[in-house]
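Enquirer: The numbering of the sequence shown is UniProt numbering, which starts it at 1 and goes up by one.
Cβ coordinates follow ideal geometry from the N, Cα and C atoms, glycine included.
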Amino acid sequence: MKNSGDSTVIDVPPTAGSSSKKKAVVSTAAPQQASGGVKRGLSIFDFVIRLGALGAALGAAAAMGTSDETLPFFTQFFQFEASYDDLPTFQFFLIAMGIVAGYLALSLPFSIVCIVRPGAVGLRLLLLILDTVVLTLATSAAAAAAAIVYLAHDGNSSTNWLAICDQFEDFCQNISGAVIGAFIAALLMMFLILLSAFAIRNTH
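Set out below in structure tokens:
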């Protein structure tokens, strides 16, 4: 048996009635090309999902950063105001989603490299590790903010936490939208991790 380029030559011993040795040629180019096409398709899908997660993270950060509402009352010196910076949890959420969005933006060039070189296992492994770390940050920020949003909508009579969404409707809509965007970004990043793991597995 001999290897030549993308083909494998197999020596077939002569049989009765045959005067010479025959050679059977088995081509291995097609499976290799198919494998490369699958890897490149996964890399393209990875890039598209990263763009979607980036948009969701930016939308979540923007919605939280603009969540500010003031209720008109008797005079301009006596007003009720609700803003994201009144609560440390929302401040942490804004910072965390800014970090997530920044990371996703910086990871786009690396994702493009994976499209050009679908066999770059080391780069894919690096993205897998960093995606996992950033996913943890996004999930923790979204979960912490979701707890405060729940209290803002329903309150808690045991701790005398009053529901404020009946008065601050715009504020609650903004923070609720920010939390939804954060969970969408986290979900898309889960898909990124699964894609990276699948791509690494197919390289072996």
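Are F90 and I148 close, meaning C-beta to C-beta below 8 Å?
Expert: Yes, these two residues count as a Cβ contact at 8 Å.
Enquirer: State the Cα-Cα distance for the pair L195 and T139, rounded to the nearest angstrom.
Expert: Looking at the two C-alpha atoms, the distance is approximately 19 Å.
Enquirer: Give the list of continuous beta strand (DSSP E) stretches no shorter than 3 residues that lie fully inside the UniProt domain "Casparian strip membrane protein" (40-188).
Expert: List check, beta strand (DSSP E) in window: 68-75, 78-83.
Enquirer: Measuring alpha carbon to alpha carbon, tell me which residue in G65, F45, R124 is nearest Y84.
Expert: Cα-wise, what sits closest to Y84 is G65.
Enquirer: Say whether the stretch 40-55 touches the stretch 105-114, bearing in mind that this needs 3 or more beta-carbon pairs closer than 8 Å, one atom from each stretch.
Expert: Judged by Cβ distances under 8 Å, the stretch 40-55 makes contact with the stretch 105-114, as three or more pairs qualify.
Enquirer: I need the straight-line Cα distance from T136 to I95, nearest angstrom please.
Expert: T136 and I95: Cα-Cα distance of roughly 14 Å.
Enquirer: Mark V133 as exposed unless 16 or more other C-beta atoms lie within 10 angstroms of its C-beta, in which case mark it buried.
Expert: By the neighbour-count rule (16 or more Cβ atoms within 10 Å), V133 is not buried but exposed.
Enquirer: Rounded to whole angstroms, what is the Cα-Cα separation between F183 and L87?
Expert: Distance between the alpha carbons of F183 and L87 is about 20 Å.
Enquirer: In chain order, what residues of the same chain lie with their CB nearer than 7 Å to the CB of R50, ignoring the 5 residues before and after it?
Expert: Answer for R50: L104, S107, L108, S111, L192, listed in chain order.
Enquirer: My assumption, with CB atoms under 8 Å, is that A186 sits in contact with A142. Please give the rounded CB distance.
Expert: Confirmed, about 6 Å.
Enquirer: Among residues of its own chain, excluding the 5 on either side of A152, which ones have a beta-carbon nearer than 6 Å to its beta-carbon?
Expert: I164, C165, C172, listed in sequence order.
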